[in-house]
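Let me begin by presenting the structure, written as C-alpha cells, before commenting on it.
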Amino acid sequence: MTNHYHTCNLTTMYGLWLRSMLTLKPAQRGQFGPKDGIYASAPWYGMLKDILQVKEYRILDMTQNKLVVYIDKGIATVTDIHKKLEEDTGIPMAEQQLLLPDGKVALQTEQPEKRNDQDAEFVSRNSIFL
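See below:
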C-alpha cells in the first residue's frame, strides 16, 4: 500500500483503512497511514482522523438523474461548486439552481454549508422551476 490515501475519494479511503485494519498478520495490522508526528505509534488512528475530517458534497443533478460527489478540496464558495458542476454536467452556471434539501437556494457568495442531518443538494436548470 502507498501513503497517498489523502488524494483518493472517501470510499477508497475507507477501503484502504479497512483493509489495513483487517490484515491477517498482527504485526502489520493498522500500520497503513501517517507514520510521523503524534500518530507514529498508531498510523491507523491518523488515517481514521483524516477520513472523518473530510467534507463531502453530494449533489443530485435532477436533469440527468445523476449523483455528483465532491470532496472539499478547493471548494471555498458555492460558486466553486457551480464551476465544477458546469464542467461535469454541462449545465452552464447561469442555468444552474442549487437547492438545499430544505428547499432554500444556496447563495453563490457564501461558503458551502455541510450539514450532517441532510443528505444532498439538488441542481437543475432554472427553466424547470416555474
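All you need for this note's numbering is the position in the sequence shown, starting with 1, plus 92. Don't be surprised by glycine CBs; every beta carbon is placed ideally from N, CA and C.
Going by DSSP in three states, residue i sits in which element: helix, strand or coil?
| i | result |
| --- | --- |
| asparagine 218 | At asparagine 218, the pLDDT of 45 sits below 50, so the modelled position is not reliable and the matter cannot be decided from this model. |
| arginine 150 | strand |
| leucine 190 | strand |
| glutamine 145 | helix |
| proline 184 | coil |
| leucine 110 | helix |
| isoleucine 167 | coil |
| threonine 104 | helix |
| leucine 116 | coil |
| lysine 127 | coil |
Between the beta-carbon of residue i and the beta-carbon of residue j, is there less than 8 Å?
| i | j | result |
| --- | --- | --- |
| glutamine 188 | leucine 177 | yes |
| aspartate 180 | valine 160 | yes |
| leucine 190 | isoleucine 173 | yes |
| proline 135 | lysine 127 | yes |
| lysine 175 | methionine 185 | yes |
Please report how far the alpha carbon of residue i lies from the alpha carbon of residue j, in whole angstroms.
| i | j | result |
| --- | --- | --- |
| leucine 169 | leucine 140 | Before going on, a small fix: residue 169 reads as threonine here, not leucine. The straight-line gap from Cα to Cα measures roughly 26 Å. |
| arginine 121 | valine 146 | 23 Å |
| threonine 103 | tyrosine 149 | 13 Å |
| aspartate 153 | isoleucine 163 | 17 Å |
| isoleucine 143 | tyrosine 106 | 7 Å |
| threonine 115 | glutamine 123 | 9 Å |
| aspartate 194 | leucine 108 | 34 Å |
Have a look at the DSSP bridge pairing and note the partners of residue i.
| i | result |
| --- | --- |
| valine 161 | Arg150 |
| valine 197 | Leu191 |
Classify residue i as buried or exposed, calling it buried when 16 or more other Cβ atoms lie within 10 Å of its own Cβ.
| i | result |
| --- | --- |
| arginine 130 | Before going further, note that residue 130 is isoleucine rather than arginine in the sequence given. Exposed, by the Cβ-count rule. |
| serine 133 | exposed |
| leucine 110 | exposed |
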